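Asker: With numbering that gives the first Met the number 0 applied, the sequence shown covers 0 to 163.
Right, I'll just put the structure down here and ask away after.
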Amino acid sequence: MEYFDVVNEKDEIIGKAGRDECHSNPDLIHRTVHFTLADKNNKRIFITQRSFLKPNDAGKWCFSGEHVLSGENYEEAVIRGVKEELGFVPTLVKEVANHIFSYAKQTEFVRFFMVEINDENIKFDKEEIIKTLWISPNKLMKNDFDLSEMTRYWIKNVNWKIIF
C-alpha cells in the first residue's frame, strides 16, 4: 500500500495516511506534483491526453502528475514521475507554482514544475497516455481542448514568462 504524508495548509507534515484514506477524506491534505516539459528554444510545453481507461479525467488533456510518497520530497516525485510516464531521467526541474485543490473526497497540495528538455527521447506509457502534443501556452489557452480542471487552472495561473 502507498502512503502519503498528510500536511496542513502551510505544507507542513502533520501525519501519514494510505492512498485510499487520503482519497476518501478531504480533511487529509496530501502532496502531489504536476509537471510539464518545456522546450525553451521553441517556447512550447508538453501536454498529454489521458487514457479513456483512467478513473479520473479519462480522455482529458492534462499535464503529467504524481503523488508524493511519504518520506519523498517534491523534486524526487517529479523525477520519478518523468521516468515512469515519459521514459527519461530529467536533469533540470524547477518549481513554478503551487496551489491547494479541494474536492468532495480529497484535498491536494500541488506544486507545479517545469522540466527542461533538450534531446531526451520521450517514451510515454501507452496504458496511461493516448496522445501527446507540443504547444505554446497561448495556443493552448485559446484552443478548445477538453482539459482537466487542474490543467485549466495551471494554464491560466502559471507565469509562463518565467519559464521562457
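For each residue, glycine too, the CB sits at the ideal point set by N, CA and C.
Model, not experiment: these values are computed from the prediction.
1. Alpha carbon to alpha carbon, what distance is there between Arg-151 and Asn-158?
2. Would you identify the three-state DSSP class for Ala-76, choosing helix, strand or coil?
3. Does the separation of the CB atoms of Lys-15 and Asp-26 fall below 8 angstroms?
4. In this structure, does DSSP put Leu-19 in helix, strand or coil?
5. For Ala-76, count the other beta carbons within 10 Å of its own beta carbon; 16 or more makes it buried, fewer makes it exposed. Which is it?
6. Taking all protein chains shown into account, do 16 or more other C-beta atoms lie within 10 angstroms of the C-beta of Lys-91, making it buried, or fewer, making it exposed?
7. Quickly, what does DSSP pair Ala-103 with across the bridge? List them, please.
8. What's the gap between the Cα of Phe-112 and the Cα of Phe-34?
9. What are the start and end residues of each continuous beta strand (DSSP E) run of 3 or more residues lying completely inside the stretch 32-99, in chain order?
10. Evaluate Ser-101 with the Cβ neighbour count: other Cβ atoms within 10 Å of its Cβ, from every protein chain shown; 16 or more gives buried, anything less gives exposed.
11. Per DSSP, what kind of secondary structure is Met-0 in: helix, strand or coil?
12. Mind checking whether Asn-97 and Val-109 have CB atoms under 8 angstroms apart?
13. Name the residue from Gly-80, Arg-79 and Phe-87 whose alpha carbon lies nearest to the alpha carbon of Glu-119.
14. Measure the Cβ-Cβ separation of Phe-45 and Trp-133 and say whether it is below 8 angstroms.
15. Roughly how many angstroms separate the alpha carbons of Glu-127 and Arg-30, rounded to a whole number?
16. Taking Cβ to Cβ, would you say Phe-163 is nearer than 8 angstroms to Lys-9?
Answerer: On the basis of the coordinates in this document:
1. 14 angstroms
2. helix
3. no
4. According to the sequence shown, residue 19 is Asp rather than Leu. Helix, per DSSP.
5. buried
6. Before going further, note that residue 91 is Leu rather than Lys in the sequence given. Looking at its Cβ environment, which holds fewer than 16 other Cβ atoms inside 10 Å, Leu-91 is exposed.
7. DSSP output for Ala-103 lists no bridge partner at all.
8. 5 angstroms
9. 43-49 and 63-66
10. exposed
11. coil
12. yes
13. Phe-87
14. yes
15. 21 angstroms
16. no
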